[in-house]
Every structure is written in C-alpha cells, then in structure tokens.
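Student:
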Amino acid sequence: MGEISISFNAATGTYTMTRDGITQSFSPADRVATSSDADRRYIVGTPGSSEALTLIDTSYTSDLRTRYVGLGFWQSNTRSDTLQNTAFDVFVYGFPTDNAAVPRMGSAQYTTDVFGLTTQVGRDPLTFAGTGPTVFDFDRSTFTIDTNLQEYYFVTGAGVTGALSFRAAGTLNSGDGGFSGTFRYEGSLDPVAGQLSGRFYGPDAQEAGGVFTGDNGTGGTVVGGFTAANPAALDRNITLTDLDHNMGLFALGGEYSGLQLKDGTDDGTSEARLLTKGLFYYTDGRYAISGAGGPEVEFAATDRVDGSADAYTVYRKTVAGETIEMSLYKPNGPGEIELTYASFGEYARFKETADANEITRTFLSYGLETAPGILLGRTGSATYNGVAIGTAASGGGQQQLAVTGTSQFQIDFGTQAYGGWLRLQGADRVSGSTVDFGQFDLVAGTGLAQSEFLTGLTKAGSSVGDIYMRFFGPNGEEMAGSFGLISGGRVITGATAAVRD
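Residue numbers (my numbering): 1 to 501.
1. Are there 16 or more other CB atoms within 10 angstroms of the CB of P505, so buried, or fewer, so exposed?
2. Count the other CB atoms within 10 Å of the CB of F250; is the residue buried (16 or more) or exposed (fewer)?
3. Three-state secondary structure (DSSP) at N99?
4. Between the alpha carbons of I359 and S257, how many angstroms are there, rounded?
5. Counting beta carbon pairs with one atom in the stretch 230-245 and one in the stretch 119-129, are three or more of them shorter than 8 Å?
6. Is F154 near L117, with beta carbons less than 8 Å apart?
7. Under three-state DSSP, which class holds P334?
8. Does S80 pass the burial test, meaning 16 or more other C-beta atoms within 10 Å, or should it be called exposed?
9. Would you list, in sequence order, the uninterrupted beta strand (DSSP E) runs of no fewer than 3 residues that lie entirely inside the stretch 370-445?
10. Have a look at the DSSP bridge pairing and note the partners of R361.
11. Could you check if T548 is buried or exposed, using at least 16 other CB atoms within 10 Å of its CB as the buried criterion?
12. Relative to the alpha-carbon of Y15, which residue among T34, P47, E51, T370 has its alpha-carbon at the smallest distance?
13. Taking three-plus beta-carbon pairs below 8 Å as touching, is the stretch 425-433 in contact with the stretch 401-408?
14. Residue range of the beta strand (DSSP E) that A229 falls in?
15. Using the beta-carbon count (16 or more within 10 Å), is I374 buried or exposed?
16. Whose CA, out of I337, T318, S7, lies closest to the CA of E352?
17. Closest to G481 by CA distance: which of F409, G159, S463 is it?
18. Can you name, in chain order, every residue of its own chain whose Cβ lies under 7 Å from the Cβ of G307, other than the five neighbours on each side?
19. Which ranges does the beta strand (DSSP E) cover as unbroken runs of at least 3 residues, wholly within the stretch 36-66, from first to last along the chain?
20. Relative to the alpha-carbon of A460, which residue among D466, F440, G484, F453 has its alpha-carbon at the smallest distance?
21. Using a threshold of 8 Å, state whether the C-beta atoms of G248 and G278 are closer than that.
22. Residues in its own chain within less than 6 Å of T54 by CB, not counting five upstream and five downstream?
23. Would you report the Cα separation of E369 and L240, rounded to the nearest angstrom?
24. Determine the direct distance from the alpha carbon of G321 to that of Y185, and round the result to whole angstroms.
25. So N77 is in the beta strand (DSSP E); what residue range does that whole segment cover?
26. Would you tell me roughly how many angstroms separate the C-alpha atoms of G420 and S327, rounded to the nearest one?
27. Taking only runs that begin and end inside the stretch 87-169, name each unbroken alpha helix (DSSP H) of 4 or more residues, in chain order.
28. Using the C-alpha atoms, what's the distance from F453 back to T23?
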C-alpha cells in the first residue's frame with residue numbers, strides 16, 4: 001500500500017494527485033456534468049489515455065454519508081490497439097483524529113462502507129461494494145469488519161449474485177491513532193487475503209477509514225478502501241466475559257456414552273465420537289442446548305447451582321427421571337486459565353436403572369470464532385498453552401475416570417502449519433486413584449484458511465484418535481476444541497482451550 005498525496009486549491013477548485021512521481025491535476029472544467037457533490041467525478045483525456053478521479057462521501061449501497069473522511073479512486077487508462085492498461089488506486093483522505101483524542105476505553109460499533117476492485121487472470125475484472133458493521137474494542141485494542149457485498153462487472157456494470165463477503169480484523173496502534181490487520185475477500189472469483197490499514201478521522205474519532213490490498217498467489221488480486229461513521233452501542237457480544245446480548249454459538253463436542261455399573265466400573269459398551277451442538281445464551285440467565293435432532297434441554301436461571309467461587313458455573317435439573325447437568329468454565333473466573341473469547345465445559349445426562357447408570361458426557365468447546373480467512377494474511381508464529389478436561393472408560397471392570405490435563409499448540413502463520421500435544425491424566429471417580437495417560441501428539445499439517453483444523457492424534461507414533469480445533473477472538477487470540485481417542489484399552493473424550501503466549 002503506497003503513498004498517494006492529494007491537495008486542493010480552494011482558489012481554483014483544483015485537485016492535484018501525486019503517486020510515484022506522477023502528478024495529475026483535475027480542475028472544475030474536468031468535472032463530469034452529471035456527478036453530484038457526494039460523488040464528484042473528474043476526467044482528463046488525451047489521445048490514447050485518460051485520467052479519472054472520483055471522490056465520494058456517501059455509500060453506493062446504503063444511506064451512509066461521512067463528514068470528516070472521504071473515499072477516492074484514481075484511475076489511469078492507456079490504450080494500445082485493442083488493449084487497455086488500467087492502474088486503479090483507492091485511497092482515503094480527510095481530517096485525521098489527533099492520537100490523544102482516540103478512545104482508549106470502551107467499545108463502539110460503526111457503520112462501514114466498503115468499495116474495491118478484484119481481478120483474476122483470464123476473467124473480467126469486478127468492482128464490489130457493501131455495508132456492514134465495524135466493531136472497535138478499545139479496551140483490548142482490537143477491531144473487526146464484517147460486510148456483505150455486491151459485485152459488478154467493471155466494463156458493463158452488470159451485477160453478480162452469490163454469497164459475497166469482506167471480513168477483516170486487527171489491532172489498534174497506540175502511537176498514532178491508526179489500526180492495521182488482515183482481511184479476506186470472498187467473491188465470485190477466487191478468494192483473496194491480504195493486509196489492511198486505517199485510522200480515525202474527525203476531532204473525536206467520529207469516523208474511520210482505510211485501504212486494503214492482497215493477492216492469492218494464483219493471479220487473483222483485490223484493492224479497495226472503506227469508510228466508517230455513526231458510532232453507536234454494540235448490538236452483539238464481543239467477549240464471553242461481558243454478555244449483554246442473546247447469542248447462539250456453534251459448539252464442538254467430544255461425546256462419551258455408556259453404562260456405569262453400580263460399583264463404578266464400565267460395562268464395556270462405551271462409545272466416543274466428535275459432534276456438534278448449538279449452545280444458546282439469553283440475557284435472562286437461560287441456556288439451551290440443541291443437537292442434530294433439534295432442541296435437547298433448556299436451563300433456567302433457577303437451575304443454577306450455587307457455587308459462585310468455583311471455576312465452573314453449574315446448572316442441574318431432573319426431567320422424567322433423568323438428571324441433566326451442564327458445567328461451563330468461567331472465562332475470567334478462578335480457574336487455571338484466563339480466557340476472553342473461548343471456553344469449554346461438560347454437558348452430562350444420567351439415568352439410573354436397576355443395575356447401572358446410563359451416562360452421556362459431552363465435553364463442549366465454544367466461543368466467539370475467528371472469522372474464516374483472517375489468519376491467512378498473518379505472518380510469524382505463536383504458541384498456545386492450555387488445559388484439558390474429559391472422561392475415560394472401558395470394559396473389563398475398569399473404573400470410569402475423570403480426565404484433566406494440559407495442551408500446547410504451535411502455529412506458524414506464514415506457512416499455515418500447526419502441531420502440538422495433549423498431556424492427560426485420569427482420576428478414579430470413586431477412589432480418587434490416578435492414571436497417567438502420557439502425551440498425545442497432533443499429526444502436523446497445514447491449512448488455516450477456515451480458522452480451524454481437524455487432525456489426528458498419535459501416541460508413540462501410532463494413531464489413536466482425532467482432535468478438532470478452532471481459533472477464537474478477532475485475531476485468533478485463543479484456541480479451543482474437542483477430541484476423542486482410544487489408548488490402553490480406554491475410550492477418552494474431552495475438550496481443551498488454550499491462550500496465545
């Protein structure tokens with residue numbers, strides 16, 4: 001993202017643009033007669049070439065209009081026979097906010113307008129535009145952008161339909177009132193990820209703007225810009241530590257099901273699998289869980305078990321002779337690990353019969369997921385350290401065990417590679433005696449485009465199971481997932497969560 005300078009001569013009404021030593025002026029005489037004050041267009045033509053400047057302060061797809069920041073496009077066309085070469089520069093300009101006036105506490109949600117150009121070798125170029133929210137978390141110095149788009153053929157202007165989106169995330173710069181991060185563009189052409197930078201505008205950071213550029217290494221490129229205005233209170237939760245809005249979360253589960261005999265041993269019919277659940281939170285204190293077959297249970301605030309000093313919030317109820325319990329780890333509670341965007345817990349169902357207890361234990365991992373593609377533009381590496389919980393059972397008269405442990409994940413963002421391990425131990429639920437299961441290594445792999453990965457688990461080089469991990473937080477600050485494996489004749493299922501060092 002290079003530098004473009006723009007100057008305005010109030011006496012003559014002329015804009016002068018400079019880029020890479022090239023200077024071009026646009027006077028009132030060059031203005032397109034049909035252009036409006038909100039969408040000012042200028043064209044300077046010479047034989048075989050043309051220069052066009054567009055300055056806008058209103059959205060192409062909504063009624064958003066800015067006062068302190070504008071979006072501009074400078075297009076240079078040169079023609080040779082049947083060929084046209086086009087240079088298309090996108091920029092923002094305006095009245096930057098002094099660094100001292102940028103908020104450092106709280107949060108705000110801005111309405112954002114995005115515009116840009118995407119190309120792919122052998123395909124017609126497309127422009128795109130869309131509107132959506134930008135959320136600034138000043139407390140944690142992060143931001144996210146989430147917009148749905150419309151595409152238009154660059155030459156004909158015809159529209160393109162489909163699931164088109166622009167997602168971005170990053171961090172706020174403490175020194176200059178700016179921010180930077182990564183983005184992913186999903187359009188009708190191949191996806192593109194890249195870098196984004198911006199800053200606040202207006203005396204009190206009432207507006208923001210920035211530019212982005214990227215390529216996918218196979219001939220696909222994106223260049224564009226955005227403006228944001230009208231800061232307001234959030235309409236969504238941005239952390240698990242401050243839940244002010246209803247929300248539904250996609251939870252992964254490592255599930256164990258089987259029979260526990262009256263002496264605490266397993267009857268040998270244990271099963272384990274990875275699955276998904278829906279976890280719903282309501283501001284009146286209710287939680288609900290749904291599965292593949294639909295709604296399963298709802299816990300009212302009155303089902304909460306008193307124990308506010310514990311690391312878990314526990315809900316319990318009895319329905320038709322079945323005891324149903326949910327224990328959710330408190331992200332900022334007194335537990336072993338402090339979390340902000342991810343968490344984990346256990347959802348258990350117990351039904352007593354004459355000879356045994358029917359038990360299903362599902363170890364959930366959930367939270368506010370990192371948007372797909374956000375990690376593609378990152379570089380460097382990171383280590384995540386965490387904790388694990390679960391259960392272990394088998395046949396042969398062995399006791400069922402409560403599982404705890406630690407986890408570590410190594411991520412190389414530059415190569416999109418991952419690896420890591422789980423170290424697990426079990427405690428007899430009756431006697432308290434312990435078993436050390438040892439270390440289980442992740443099968444190393446690559447591919448973080450969807451901000452998640454599914455991979456195998458090994459012990460001493462032999463395959464024993466699988467683990468499904470996801471990233472959470474605007475910039476992948478945390479990881480959480482669920483696992484299932486068989487080791488030493490025992491079926492082990494559980495969940496883990498980890499924080500980036």
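By construction, the Cβ of each residue, glycine as well, lies at the ideal position given by its N, Cα and C atoms. These figures come from a predicted structure and were not determined experimentally.
Tutor: So, from the data block:
1. Residue 505 lies beyond the residue range present for the chain, which begins at 1 and ends at 501; the question has no answer from this structure.
2. Within the sequence shown, numbered from 1, the residue matching residue 250 stands at position 250. Answer is exposed; the Cβ neighbour count stays below 16.
3. Stepping through the sequence shown from its first residue, residue 99 is reached at position 99. Helix, per DSSP.
4. Residue mapping note: residue 359 aligns to position 359 of the sequence shown, counting from 1. Residue mapping note: residue 257 aligns to position 257 of the sequence shown, counting from 1. Straight-line Cα distance between these residues: approximately 6 Å.
5. The stretch 119-129 vs the stretch 230-245: no contact.
6. The sequence position of residue 154 within the sequence shown is 154, counting from 1. The sequence position of residue 117 within the sequence shown is 117, counting from 1. The answer is yes: Cβ separation under 8 Å.
7. Counting from 1 along the sequence shown, the entry for residue 334 is found at position 334. Coil at P334, not helix or strand.
8. Locating residue 80 in the sequence shown gives position 80, where the first residue counts as 1. With fewer than 16 other Cβ atoms within 10 Å, it is exposed.
9. 381-393, 401-412, 417-428, 434-442
10. Numbered from its first residue, the sequence shown carries residue 361 at position 361. Per DSSP, Y256, A348.
11. The requested residue 548 does not occur in the structure, where the chain is confined to residues 1 to 501.
12. On the sequence shown, residue 15 is found 15 positions in, with the first residue counted as 1. Nearest option by C-alpha distance: E51.
13. yes
14. As a position in the sequence shown, residue 229 is number 229, starting the count at 1. Segment 220-232, the beta strand (DSSP E) holding A229.
15. Sequence index remark: in the sequence shown, residue 374 carries index 374 (1-based). The residue in question, I374, is buried, as its Cβ has 16 or more Cβ neighbours within 10 Å.
16. Within the sequence shown, residue 352 is the residue found at index 352, counting from 1. Considering only alpha carbons, the answer is T318.
17. For the purposes of this step, residue 481 is taken as residue 481 along the sequence shown, with counting starting at 1. Of F409, G159, S463, the residue nearest in Cα terms is F409.
18. Translated into positions along the sequence shown, residue 307 becomes position 307. Hits under 7 Å: V314.
19. 39-46, 49-56
20. Residue numbering aside, residue 460 sits at position 460 when the sequence shown is read from its first letter. Closest option to A460, Cα to Cα, is F440.
21. Within the sequence shown, the letter at position 248 stands for residue 248. Within the sequence shown, the letter at position 278 stands for residue 278. Closer than 8 Å, so yes.
22. Translated into positions along the sequence shown, residue 54 becomes position 54. Once the five neighbours on either side are set aside, the close Cβ partners of T54 are R41, F73.
23. Numbered from its first residue, the sequence shown carries residue 369 at position 369. Numbered from its first residue, the sequence shown carries residue 240 at position 240. One C-alpha to the other measures close to 11 Å.
24. On the sequence shown, residue 185 is found 185 positions in, with the first residue counted as 1. On the sequence shown, residue 321 is found 321 positions in, with the first residue counted as 1. Those two C-alpha atoms are separated by around 51 Å.
25. Counted from its first residue, the sequence shown places residue 77 at position 77. Start and end: 69-80.
26. Stepping through the sequence shown from its first residue, residue 420 is reached at position 420. Stepping through the sequence shown from its first residue, residue 327 is reached at position 327. About 26 Å.
27. none
28. The count along the sequence shown starts at 1 and reaches residue 23 at position 23. The count along the sequence shown starts at 1 and reaches residue 453 at position 453. Rounded to the nearest angstrom, the two C-alpha atoms are 49 Å apart.
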